[in-house]
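Asks:
2 protein chains.
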Amino acid sequence: MSFREKIKGVGGDALYEVKARIFQEQLEAKIPASLRLPPAILEDPPLDVTHIPETCGLLTPQELAITELDATAVCQKIAAGQLTAVDAVTAFGKRAAIAHQLTACLMDFFLDEGIKQAQQLDEYFRKEGKGMLPIKGTVGSSGFLVSIETSTEDCDMIRILRSLGAVFYVKTNQPQTLMHLESKSTYGRVLNPHNTDLTAGGSSGGESALVAMKGSCIGVGTDGGGSIRCPCAHCGIYGFRPSCRTTPLHGVLWYQPGQDGFYSSVGPMCRSARDMRLFLEAVLGANPALQDPDALPVPLKVPDLTQKKLQSLKWAKAKLEASSEVEVGDYTPYDHDRGYSIVRALYFEDGGATVRRLLKEGGEEMLPLTEWVISPPHVRDHDAAQVWKLRDERDNYRREYSDHWWSQNVDVVLCPPFPGTASRHDTAKYWGYTAIWNLLDYPGTAFPSGLVADPAIDIYQESPSPMSAADEYNLSLYDAAAFKGAPVSLQIVSRIFNDGLVLAAQEVIERILKS
Amino acid sequence: MSFREKIKGVGGDALYEVKARIFQEQLEAKIPASLRLPPAILEDPPLDVTHIPETCGLLTPQELAITELDATAVCQKIAAGQLTAVDAVTAFGKRAAIAHQLTACLMDFFLDEGIKQAQQLDEYFRKEGKGMLPIKGTVGSSGFLVSIETSTEDCDMIRILRSLGAVFYVKTNQPQTLMHLESKSTYGRVLNPHNTDLTAGGSSGGESALVAMKGSCIGVGTDGGGSIRCPCAHCGIYGFRPSCRTTPLHGVLWYQPGQDGFYSSVGPMCRSARDMRLFLEAVLGANPALQDPDALPVPLKVPDLTQKKLQSLKWAKAKLEASSEVEVGDYTPYDHDRGYSIVRALYFEDGGATVRRLLKEGGEEMLPLTEWVISPPHVRDHDAAQVWKLRDERDNYRREYSDHWWSQNVDVVLCPPFPGTASRHDTAKYWGYTAIWNLLDYPGTAFPSGLVADPAIDIYQESPSPMSAADEYNLSLYDAAAFKGAPVSLQIVSRIFNDGLVLAAQEVIERILKS
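Heads up: the sequence lines are chains Z and E, in that order.
Letter by letter, the first sequence follows residues 623 to 1137 of the working numbering.
Letter by letter, the second sequence follows residues 623 to 1137 of the working numbering.
1) With 16 as the cutoff for other CB atoms within 10 Å, does E:Gln878 come out buried or exposed?
2) Determine the chain Z residues that contact E:Val920 at a beta-carbon separation under 7 angstroms, and present them in chain order.
3) So which residues on chain E does Z:Lys1011 lean against when the C-beta distance must stay under 9 angstroms?
4) Could you pull the start and end residues of the beta strand (DSSP E) that Z:Met988 belongs to?
5) Going along chain E in order, which residues have a C-beta closer than 8 angstroms to the C-beta of Z:Thr1049?
6) By DSSP's criteria, Z:Arg1046 is part of a beta bridge. Which residues make up the other side?
7) Hey, could you find the ends of the alpha helix (DSSP H) E:Lys939 is sitting in?
8) What does the Cβ neighbour count give for E:Arg626, buried or exposed, with the cut at 16 atoms within 10 Å?
9) Using a C-beta to C-beta distance shorter than 8 angstroms, which residues of chain E count as neighbours of Z:His872?
10) Where does E:Ile629 fall in DSSP's three states?
11) Given a threshold of 16 other Cβ atoms within 10 Å of its Cβ, counted over all protein chains shown, does E:Leu1135 qualify as buried or as exposed?
12) Give me the DSSP bridge partner(s) of Z:Lys1115.
13) Using three-state DSSP, classify E:Asp730 as helix, strand or coil.
14) Taking the straight line between their C-alpha atoms, what separation do you get for E:Ala1091 and E:Arg960?
15) Please classify Z:Glu1094: is it buried, with 16 or more other beta-carbons within 10 angstroms of its beta-carbon, or exposed?
16) I need the straight-line Cα distance from E:Lys652 to E:Phe731, nearest angstrom please.
17) Chain E beta carbons: is any one of them nearer than 9 angstroms to that of Z:Lys936?
18) Excluding the five sequence neighbours on either side, which residues of its own chain have a C-beta within less than 6 angstroms of the C-beta of E:Ser825, listed in chain order?
19) So what does DSSP say about E:Glu588, is it helix, strand or coil?
20) Locate the beta strand (DSSP E) running through Z:Cys892, then write down its first and last residues.
21) Thinking Z:Tyr791 and Z:Gly715 are a contact (beta carbons under 8 angstroms), I'd like their distance in whole angstroms, please.
22) Report the neighbours of Z:Ser1024 on chain E: residues whose CB is nearer than 8 angstroms to its CB, in chain order.
23) Compare the C-beta of E:Ala908 against all C-beta atoms of chain Z and say whether one is closer than 9 angstroms.
24) Closer than 8 angstroms between beta carbons: that is the criterion. Which residues of the region 957-977 of chain E meet it against chain Z?
25) From Z:Gly858 to Z:Gly1122, what does the alpha carbon distance come to, in whole angstroms?
26) Using a 10 Å radius around the Cβ and a threshold of 16 neighbouring Cβ atoms, would you call E:Gln704 buried or exposed?
27) Flag Z:Gly883 as yes if its beta-carbon sits less than 9 angstroms from any beta-carbon of chain E, otherwise no.
28) Distance cutoff 9 angstroms, beta carbons only. Does Z:Glu650 sit that close to anything in chain C?
29) Which of the residues in the region 980-1014 of chain Z, read from start to end, lie with their CB under 8 angstroms from any CB of chain E?
30) For chain E, check one thing: does any of its Cβ atoms lie closer than 9 angstroms to the Cβ of Z:Arg1117?
31) Cβ closer than 9 angstroms: which chain E residues qualify as neighbours of Z:Asp1017?
32) Taking all protein chains shown into account, decide if E:Tyr1052 is buried (16 or more other Cβ within 10 angstroms of its Cβ) or exposed.
33) Using the DSSP secondary-structure output, state which residues sit across from E:Pro1109 in a beta bridge.
34) Is Z:Gly841 helix, strand or coil when you go by DSSP?
35) Could you round the C-beta distance between Z:Leu900 and Z:Ala693 to whole angstroms and report it? I think they count as a contact, below 8 angstroms.
36) Say whether chain E places a C-beta atom closer than 9 angstroms to the C-beta of Z:Leu733.
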C-alpha cells in the first residue's frame, strides 16, 4: 500500500466526502508552506519516520536540541532563563507540523496563537490537547464528522493547564467513535512513527505519534479502555491513567453524555516518568474539585519507596529479582474474561444505536473496528432495569477483585499493555490488558522497556496453543517481520486511588530494568 | 384513631398476613415479659410518649441516668472506668424495648447478644443498626415483606463499627420501599414519640424514634433523599448525611442494586453534635476505602472556625446577626424545581416496575405514599439512552449549581429540613428540602433548634399564597393544633466534600442559636 493510501482518513457518501475535504483542507491550509516536507520524502518514506525531522532540513540545530527536552527540562530551562517560551513553542510547533505530514497526528494547528500566548505569558510548561479536549477557538470532535466543531470554551483540564502557563498550538487526531485502539478519522489515519505499517494505537494515537515524533514534550489524553496506555505503549512514550475523576473530566467531548457506567480518565502522555509526576502534581495542585462537582479531591500521595520493599511483580523477573529493592512474585488474574465482558457491555449500553445514528447523520462509513466494537456478543441494548443489572455486575466484580487483590499481597502489578507491540492497522480487537483496569479503575502507567521488536529474535520458540478465541485471533496476527522496530512497552497498575504508589513504583522498576 | 390502630403495620393478602404475623410474632417473642409495658399504658397513651420510660417503673434510676448520656459521654465514662459496657447496653436495650412498644421503632431485638458482646469486648462505643444495614444473624429488609431475611454477614459499616467496639442489640424499623418520609412496614407504623399522631419521619424513622426515646445513644441511618435528616428533624435529634461514598455503603440492602444514578449515604443519628463528629472520625479513621473499592478516601477536614468568619446564612438571622462570628446573608436557591424533578426521576428509572413486582410477590398492599412516589409526572420508565439523558441532566444541574454556589459567597446554608415540623401520618409528599442536596451530594446535618411547635404561637400571621402546587399541598396540611409538641429543627448544608466544614459550622451556629 502506498504511503498516501495508508494515511488516508475515513470515507463516506458524497456529501460526507465534500464536508470531509473541507475539514481536511482547513487543516492543511493552517500548515505554512515553509514547514511542508518535500514531495520526494512523502512519496515513499521509510517505515520508521522518527528521524525525518532531524534530516529534512526544516529545523535548525537549536530547534532540534530543544525538541529533545522533556517537559521537566523545558520548565527548568525556562525557569533558569536559558530558554524562552517563544523559542520552545516555535521548535515544538514546527516539529509538530512535520510529524503531522508523516503520521496524520493532528486535527488542528495554531502555532501563531501559541507563539502569541508564549509571548504574553510567564510560562512554566507547554502542552497540546487531544481532539476531544475543547480548547476555545480550535477544532474539537468526539470522533465523528458530524461532531467536528469549533469549541466555544476551554474544558476544565485546558483551563487549568492554561492557568498554569501551558501553551497550546495543535489539536491531535483520534479515531471514529473514540473507541478504537487505532486512530483513523476524517483527518486521516495516524501512523506509528517507528513503523508506518503499524498503528500508533488509540484513541489518543495522534497524541502519541506527535510526542514520539517530538512535536511536543507533553500532551493530554483520555483513557476509558486503554486510550492513553495503548498509544503510549505503541509509540514508546510514557502515559499515565489516573484513577477516574481525580483529574478534571468536565467539558471533554463525548457523544454519549450521561453514560456514567464507566468514566474516562484524563492524564499525561510524555517522554519521561518525571513528566507524568510533574503534570499530576501541577494539575491536582490547582484543585479541580473546586470547580467540578464530579471531581474527587483525593490527595496524591507518592510514597517514599526507599524505606519499603515493593512486593510481587510478575514480569521482567530476572532483572527485578536480582535487585534488593523488589520482592517479585506471581500475580494471578481474577476472572478477567468476566470483567472484560462487563466492560465491553458498559461501553455501549444502547447497543451502539447512538454510534449508528451519528454515522448515518454524517453519511460516514462505518469502519470495521467500529462495527466490531458495537456488536454482539458483548454489546446489546438495555432497558433501565438491565442497565442497573449490568452495573451491579460491575460493582460485584469490583468488590470481588478488591478482595482478590489484597489476597495476592502485591503493591503493583507489572504486565503487558497489549497482546503485543503495536498491531497492524485495523486489527486491534483485544482490549483486555488495559480495559480490565478501567473497569476496576486501577490507575496505571505505560512506559517503554527500552527494547524494540526484532524479527531475528522475536520468534516463537515453540508453536503456541491458544488459550481462548481472543488469544487465537491475536496469535494469528503475529508475524515477526511485520513488527520490526515497534517499541516493547510495559504497564504498571495498582489498586484504585493508589496513583502515587504507581508513580513511585514506576521510577524504581524502570531504574532497575534499564540498569 | 386508637393507639393500636395507629401503630399497625402494612397489610396485604391472606398469605401476606400469615407471613407478616410470623415476622411480627418473632419480634414480639424476643422482647422479654419483664420489659412489657402494662396494658393500661398501651390502651391509650398520651400523644407525647417520651416520658413513659421514666415513669413506667421498668428502669432503675441508674439505668435512666445512663440513658441520658450521649455517645461521647458513654465512651468517656467507659474509658474512665465509671461505667461498664454491660451496664450501658443493658440500660439502653431495656429502654429500646419500651420505646418499641410505644413507637414500633424496631424490627429485631437481641439484647442478650449485645450483653454477651459487651462482656467480651473492651468497648469504646455502642450502636444499633437500621434495618437495611445487615448485621450477621439478625433480621434485615429492604423495605418489603419479601425482602425480610436473616443476614448472613455484616455489611461494611457494621463490620467497621464492630471492630471499633460497637455493641448491637436491636435493628430498627423503616418504611415500605425505604422511600417514604414516614416509616410504616410489616413491623408496624413508627410513631413520633413527641406526638404519636405525627410521623417519626423516614426512612430511618425507627432509628430516630428509638434515639429520641433514648433507647440508644447513637445509631446509623442511610440517606438518599432525606432519610437521615428528615427523621432526625422530626424527632428532634441530630443527624448527619456525609458526602456519598465517603462512608462505607457496601452490603447495605437495596432492592434496585446497580441503580447508580443516585447514592445513599450512611451517617450517624444521635443526640449531640459532638457525637456526629465522634462517629465520623472513628469510621473514616478505619479507612473504609481499603475494603470497598467504591468508597472514596476523601479526608475529613474540620476547619478551625475561630480564625474565620462564617459567611452568609439565611435563617435564624436575628440571633446570628447579633454574633460577631457569622456574616449573615440571603441565599438564593438555584432552580430547585428542576433539581427536584431530576432526583425524583432518578429514584425509579424503571418507572417503579421493581417496586410493583416486589409488592406483588409478597401479596403486600401498596401504601398510598408508595403509589405516590413511583407515579408520574416525576417517575417514568427509561431505556438505556434515556437513562444516560437523565443522568446528563443531573450532571449539568450539578455543575450549574456548583457555579451558582460559588457566586453566592457562602460557606454553609442554614435552611429547613422539611416544609414544617413532623407531618401527620401518610401526608409527607414533598422531599424538596432534603432531596435537592442528595442530588447535589452536598453534605448536611439536621439538628433541633430547641423550639417545639406551639399551637398558641405557630399560626399564620396572614393568609399565605402558595408558590406552587407542592406548596399549596403543604399549606393545606397545616393545622397548628395538630403539630403540638413537634420539634422544630434546622438543616445546615455545604458544597460536596465540605463535610468537615458542616460539622464545624454546626457547632458555631448551634452555640449562637441556643445562647
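Ideal placement from N, C-alpha and C gives every residue a C-beta, glycine not left out.
These numbers come from a predicted model, not from an experiment.
Replies: Taking the coordinates as given:
1) buried
2) Leu918, Pro919 and Val920
3) Neighbourhood of Z:Lys1011 in chain E, by CB distance below 9 angstroms: Pro879 and Gly880, in chain order.
4) That residue, Z:Met988, is in no beta strand (DSSP E); it is neither H nor E in DSSP.
5) Correct list: empty, because the minimum Cβ distance to chain E is about 29 angstroms.
6) Z:Leu820
7) Taken as a continuous stretch (DSSP letters only), the alpha helix (DSSP H) holding E:Lys939 covers Lys939 to Glu943.
8) Residue environment analysis places E:Arg626 among the exposed positions, since fewer than 16 neighbouring C-beta atoms fall within 10 angstroms of its C-beta.
9) Arg1021
10) coil
11) Classified as buried, E:Leu1135 has 16 or more neighbouring CB atoms from the shown chains inside 10 Å of its CB.
12) Checking the sequence, you will find Val at residue 1115 of chain Z rather than Lys. The partner list for Z:Val1115 (beta bridge, DSSP) reads Z:Val1035 and Z:Gly1066.
13) strand
14) Between the C-alpha atoms of E:Ala1091 and E:Arg960 there is a straight-line separation of about 14 angstroms.
15) exposed
16) The alpha-carbon atoms of E:Lys652 and E:Phe731 are separated by roughly 6 angstroms.
17) The predicted model places Z:Lys936 with a pLDDT of 45, which falls under 50 and marks its position as unreliable; any figure quoted below should be read in that light. Judged by the 9 angstroms Cβ criterion, Z:Lys936 is not in contact with chain E.
18) Gln796, Pro797, Leu800 and Ser849
19) Absent from the structure is residue 588 of chain E, since the part of chain E shown begins at 623 and ends at 1137.
20) Ser887 to Cys892
21) 5 angstroms
22) Gln913, Asp914 and Pro915
23) no
24) Glu971, Asp972, Gly973, Ala975 and Thr976
25) 22 angstroms
26) exposed
27) So yes, Z:Gly883 belongs to the interface.
28) Reference to chain C is not applicable here, since the protein chains of this structure are Z and E.
29) Taking 8 angstroms as the Cβ-Cβ cut-off against chain E, the residues of the region 980-1014 of chain Z that qualify are Asp1003, His1004, Asp1005, Ala1006, Ala1007, Gln1008, Val1009, Trp1010, Lys1011, Leu1012, Arg1013 and Asp1014.
30) yes
31) His872, Pro879, Gly880, Asp882, Pro915 and Asp916
32) By the 10 Å Cβ count, E:Tyr1052 comes out buried.
33) E:Val1074
34) strand
35) 6 angstroms
36) no
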